[in-house]
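Same order as they appear, the protein sequences are chains A and B.
Per this note's numbering, residue 23 is the first one in the first sequence, and the count goes up by one each step.
Per this note's numbering, residue 34 is the first one in the second sequence, and the count goes up by one each step.
Have a look at the structure below, then the notes.
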Amino acid sequence: MPNHDHKINKSHIPRNSLFFEKIVPSLLILMGMITICLILFALGVLTGIVHF
Amino acid sequence: MSINQALPFFSTAIMLGFTIYVLQRFFIRRQLHFLFWGVGLAMFGAGSFAEAYLALTWNKWVFFTWYLFGAALNAAWLGHGTLYLLVRKKWVHVITGLLILGSLFAGYLMLQVMPKLDTDVFTTEKLISEQYGTKVLGDNEVAPSDAQTTQTTYRGQEVIAVRGLLPLGSPVRLTTPFFNIYGLLTLVGGAIWSAYLFWLKRVMPNRVIGNVLIAAGALLIGFASTLTRLGYGQFLYLGELLCAILMFAGFRFAARPQPDEISQPVPVAATD
Numbered sequence: 023m024p025n026h027d028h029k030i031n032k033s034h035i036p037r038n039s040l041f042f043e044k045i046v047p048s049l050l051i052l053m054g055m056i057t058i059c060l061i062l063f064a065l066g067v068l069t070g071i072v073h074f
Numbered sequence: 034m035s036i037n038q039a040l041p042f043f044s045t046a047i048m049l050g051f052t053i054y055v056l057q058r059f060f061i062r063r064q065l066h067f068l069f070w071g072v073g074l075a076m077f078g079a080g081s082f083a084e085a086y087l088a089l090t091w092n093k094w095v096f097f098t099w100y101l102f103g104a105a106l107n108a109a110w111l112g113h114g115t116l117y118l119l120v121r122k123k124w125v126h127v128i129t130g131l132l133i134l135g136s137l138f139a140g141y142l143m144l145q146v147m148p149k150l151d152t153d154v155f156t157t158e159k160l161i162s163e164q165y166g167t168k169v170l171g172d173n174e175v176a177p178s179d180a181q182t183t184q185t186t187y188r189g190q191e192v193i194a195v196r197g198l199l200p201l202g203s204p205v206r207l208t209t210p211f212f213n214i215y216g217l218l219t220l221v222g223g224a225i226w227s228a229y230l231f232w233l234k235r236v237m238p239n240r241v242i243g244n245v246l247i248a249a250g251a252l253l254i255g256f257a258s259t260l261t262r263l264g265y266g267q268f269l270y271l272g273e274l275l276c277a278i279l280m281f282a283g284f285r286f287a288a289r290p291q292p293d294e295i296s297q298p299v300p301v302a303a304t305d
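Dropping the structure here:
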């Protein structure tokens, strides 16, 4: 089978990094929660529960 | 002109650069997610430009552009690009059809409301996001001192409303939550999901950070839009500018080659 030149990405998340171990997961959870709240708000507007 | 009214000029410039950057990628790679992102970004830029224009003078077609592309459609088209990137299934094409039909329908509803715009209330002293909607005042609510009010019948009741450009109960306003829910879910949800997958696999930190920035930018504009809907439109332009900066930075970050990317022979099957 012929081989071709392809880029292999060997970039890895550094171990014991406070940023990647604590801050990133916290941000993802926080943003997920805000997204759900905004969607619930928009649904509230649609259904007439939230008046604007 | 206030600083707040000048912000859309900066957002427009950033979005123009961002749109060209993404559409260039579409023309080179022919991948549909770049096309939808490019169209969504162009809509975002058109909305920002309309805000900048309406800070100077009135034009009903610029208002049409602002509401349809800036307030209603852009998030959904951006998010649909993310859906094309993440999901390679045939049903995505069905959603594409629905999105196009829904966008055309929103455009039709917007055209219907154009002759009914209450243009007497327009002023360049206020942001367009603070004067576009007519709002019914609640029992204990007091109209802002600079607002023009009117007594009218709405849903069979006599109400006092703060006058806005779009008449009370315009159907086009009901379409925006649909588009924005879809846009928020796919754009923010997709970026969070992508960041999580890369983080879980412990690879490509640039894409983790890039997707976090994209999600944060999209959330900021979602938050600012929600505040606008609640009557606090003064934060919208700042939200847009920050959104443009964060999303462009996130996109560039995610697309950036890593310093330790190396070129070496590998079997074709292992790469796709």
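For every residue, glycine included, the Cβ atom is placed at its ideal position computed from N, Cα and C.
Every value quoted in this text rests on a predicted model; they were computed, and no experiment measured them.
May I ask you to report which of helix, strand or coil DSSP gives residue i?
i, result
"B/D305", "Caution applies to B/D305, whose pLDDT of 32 falls short of 50 and renders its modelled position unreliable; the value that the coordinates give is listed next. B/D305 falls in the coil class under three-state DSSP."
"B/L101", "helix"
"A/V72", "coil"
"B/V193", "Note that residue 193 of chain B is Ile in the sequence shown here, rather than Val. Three-state DSSP puts B/I193 in a strand."
"B/V154", "helix"
"B/G50", "helix"
"B/T167", "coil"
"B/Y117", "helix"
"B/L271", "helix"
"B/Y187", "strand"
"B/T182", "strand"
"B/V175", "coil"
"B/L218", "helix"
"B/L199", "strand"
"B/L246", "helix"
Pick out whichever of the options has its Cα sitting closest to the Cα of residue i.
i, options, result
"B/L263", "B/L68, B/G50 and B/Q164", "B/Q164"
"B/Q181", "B/D151, B/L144, B/F281 and B/S162", "B/D151"
"B/M143", "B/L106, B/I53 and B/L160", "B/L106"
"B/A288", "B/Y54, B/M48, B/S35 and B/I36", "B/Y54"
"B/G103", "B/V192, B/A83, B/G197 and B/V120", "B/A83"
"B/M147", "B/V95, B/R121, B/V169 and B/I36", "B/V95"
"A/G66", "B/V169, B/G266 and B/L207", "B/L207"
"B/C276", "B/I61, B/F59, B/A39 and B/L74", "B/L74"
"B/F212", "B/I133, B/A39 and B/F60", "B/I133"
"A/I61", "B/L271, B/F256, B/F286 and B/L131", "B/F256"
"B/V241", "A/S39, A/V46, A/R37 and A/N38", "A/V46"
"B/D172", "B/V192, B/R121, B/R285 and B/D153", "B/V192"
"B/L308", "B/A85, B/L246, B/Y229 and B/G130", "Residue 308 of chain B is absent from the structure shown; chain B starts at 34 and stops at 305."
"B/F281", "B/V127, B/L271 and B/I247", "B/I247"
"A/R37", "B/R235, B/A249 and B/F286", "B/R235"
"A/I35", "B/I254, B/M237 and B/F286", "B/M237"
"B/K168", "B/A194, B/A176, B/D153 and B/K149", "B/A194"
"A/K68", "B/L233, B/P210 and B/Y229", "The sequence given here has Leu at residue 68 of chain A, not Lys. Comparing Cα positions, the closest option is B/P210."
"A/S48", "B/I254, B/G250, B/F286 and B/W232", "B/W232"
"B/L198", "B/G166, B/I128 and B/T129", "B/G166"
"B/K93", "B/G250, B/K149 and B/A176", "B/K149"
How would you label residue i, buried or exposed, when you count the other beta carbons within 10 angstroms and need 16 or more for buried?
i, result
"A/F41", "exposed"
"B/N244", "buried"
"A/C59", "exposed"
"B/N239", "buried"
"B/E174", "exposed"
"B/T258", "Checking the sequence, you will find Ser at residue 258 of chain B rather than Thr. It counts as buried."
"B/S35", "exposed"
"B/W124", "exposed"
"B/P290", "exposed"
"B/Y141", "exposed"
"B/E273", "buried"
"B/S136", "buried"
"B/F284", "buried"
"B/F60", "exposed"
"B/Q38", "buried"
"B/V120", "exposed"
"B/V72", "buried"
"B/L131", "exposed"
If contacts are defined as beta-carbon pairs under 8 Å, then residue i and residue j qualify, I think. What distance do you get, rounded to the angstrom?
i, j, result
"B/T90", "B/T157", "7 Å"
"B/L252", "A/I56", "6 Å"
"B/W99", "B/L87", "7 Å"
"B/G266", "B/L170", "In fact, because the Cβ distance is near 17 Å, the residues do not count as touching under 8 Å."
"B/T261", "B/S178", "The Cβ separation is near 20 Å, so there is no contact."
"B/L220", "B/A108", "6 Å"
"B/L271", "B/L49", "With 8 Å as the limit, B/L271 and B/L49 do not qualify as a contact, their Cβ atoms being about 19 Å apart."
I want to verify the contact list: residues of chain D whose CB lies under 9 Å from the CB of residue i, in sequence order.
i, result
"A/I56", "The structure shown contains no chain D; the protein chains it does contain are A and B."
Run the proximity test for residue i: is its beta-carbon closer than 7 Å to any non-hydrogen atom belonging to the ligand NAP?
i, result
"B/L207", "In terms of ligand content, the structure shown is empty, and the ligand NAP therefore cannot be addressed."
Contact between the region 41-56 of chain B and the region 68-78 of chain B is defined here as three or more beta-carbon pairs at a separation below 8 Å; is this criterion met?
Verdict: yes, contact present.
Would the region 190-202 of chain B and the region 223-235 of chain B be scored as touching if the rule is three or more Cβ pairs under 8 Å?
Too few Cβ pairs lie closer than 8 Å, so no.
Specify whether the region 108-117 of chain B and the region 59-75 of chain B touch according to this definition: at least 3 beta carbon pairs, one from each stretch, less than 8 Å apart.
These segments touch.
Contact between the region 182-197 of chain B and the region 209-224 of chain B: three or more CB pairs below 8 Å?
The region 209-224 of chain B and the region 182-197 of chain B do not touch, with fewer than three beta-carbon pairs separated by less than 8 Å.
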